[in-house]
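Written out below as structure tokens is the structure these notes cover.
In our numbering, the protein residues as written are 23 to 303.
Shown next, in the form of structure tokens:
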């Protein structure tokens, strides 16, 4: 039985492990298949691929992209994408620019709250990676404005925080198209269906399927048995692929363990078998 984790992040987005370090950890923990799904970038994949040489660990090229759907933000995973597709990379460049705009607006709000943090400081915190809210949180901690990552998001950066700014991104249908055009399989990440009742969730899922969505992340690092059961039902109802992963970020999400999530994550081997078939692998 294979050990699988199809949702992880590195220092090329908002994770704390470099691609090489993540591959080493996955190998140490006995994982057989790993997907790196950094936010809005595939730049960490070459290093990760190099690190898998002489290992039995299989690396799946992936990405996680933000999208708008019915006035809500959601994340869409892409698997088996071609990271060398020039059109895809051009689209990612434009997509990443919306991150910078959002970061600047958040910093303005933090300034108004008496927290003097510059874009340069946040960029240093992100290193070579895609800049994000966890990097703002790290600077807030480093400068003594806040104590923990959890506090930073609960009080300031999360959707109910004082400095929260919604990101303006492309519609889900467009993001799905980007992934498909790059040879990938689009999967809805961690579908909590917040703001939807049971019936509306099914309707929303059907709409996304009509727009080209091919699967749901049914097995997720923090999902309860109820969440898994509900999404499993949707996947069966609409004949969708199922994937799963921990959403490992290292120290950025210290309660999440690679390959295990909060402890009970198990991604069935059939998930990978079906994903390969869909990708023509």
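We put the CB at the ideal spot given by N, CA and C, even for glycine. None of the values given here were measured: they were computed from a predicted structure.
Report buried or exposed for residue 247, applying the criterion of at least 16 other Cβ atoms within 10 angstroms of its Cβ.
Reading the chain shown from its first residue, position 225 is the one you call residue 247. Exposed is the call here.
By how many angstroms is the C-alpha of residue 287 removed from the C-alpha of residue 250?
Within the chain shown, residue 250 is the residue found at index 228, counting from 1. Within the chain shown, residue 287 is the residue found at index 265, counting from 1. Roughly 10 Å separates the two Cα atoms.
If you draw a straight line from the C-alpha of residue 254 to the C-alpha of residue 54, how long is it?
Position 232 of the chain shown, counting from 1, holds the residue named residue 254. Position 32 of the chain shown, counting from 1, holds the residue named residue 54. Answer to the nearest angstrom: the Cα atoms are 23 Å apart.
Cα-Cα separation, residue 49 to residue 209
Counted from its first residue, the chain shown places residue 49 at position 27. Counted from its first residue, the chain shown places residue 209 at position 187. Answer to the nearest angstrom: the Cα atoms are 25 Å apart.
Figure out for me which residue from 100, 88, 40, 97 has the closest Cα to the Cα of residue 71.
Residue 71 sits at position 49 when you count from the first residue of the chain shown. When only C-alpha atoms are compared, the closest one is 40.
Reducing DSSP to helix, strand and coil, say where residue 31 ends up.
Working through the chain shown from its first residue, we reach residue 31 at position 9. Here residue 31 sits in coil by DSSP.
Tell me whether the beta-carbon of residue 139 lies closer than 8 Å to the beta-carbon of residue 161.
In the chain shown, residue 139 corresponds to position 117, counting from 1. In the chain shown, residue 161 corresponds to position 139, counting from 1. The answer is yes: Cβ separation under 8 Å.
Going by DSSP, which residues form a beta bridge with residue 88?
As a working note, residue 88 is residue 66 in the chain shown. Answer is 97.
Once DSSP output is grouped into helix, strand and coil, what is the label at residue 41?
In the chain shown, the residue the question calls residue 41 occupies position 19. Note: residue 41 maps to helix in three-state DSSP.
Buried or exposed (CB count within 10 angstroms, at least 16 for buried), residue 190:
The count along the chain shown starts at 1 and reaches residue 190 at position 168. Result: exposed.
Cα-Cα separation, residue 126 to residue 23
Here the question's residue 126 lines up with position 104 in the chain shown. Here the question's residue 23 lines up with position 1 in the chain shown. For residue 126 and residue 23, the distance between alpha carbons rounds to 46 Å.
Cβ neighbours of residue 113 in the same chain (closer than 6 Å, five flanking residues each side left out)
Locating residue 113 in the chain shown gives position 91, where the first residue counts as 1. Only 200 meet the Cβ criterion.
For residue 259, count the other beta carbons within 10 Å of its own beta carbon; 16 or more makes it buried, fewer makes it exposed. Which is it?
Residue 259 sits at position 237 when you count from the first residue of the chain shown. Its Cβ having fewer than 16 others within 10 Å, residue 259 is exposed.
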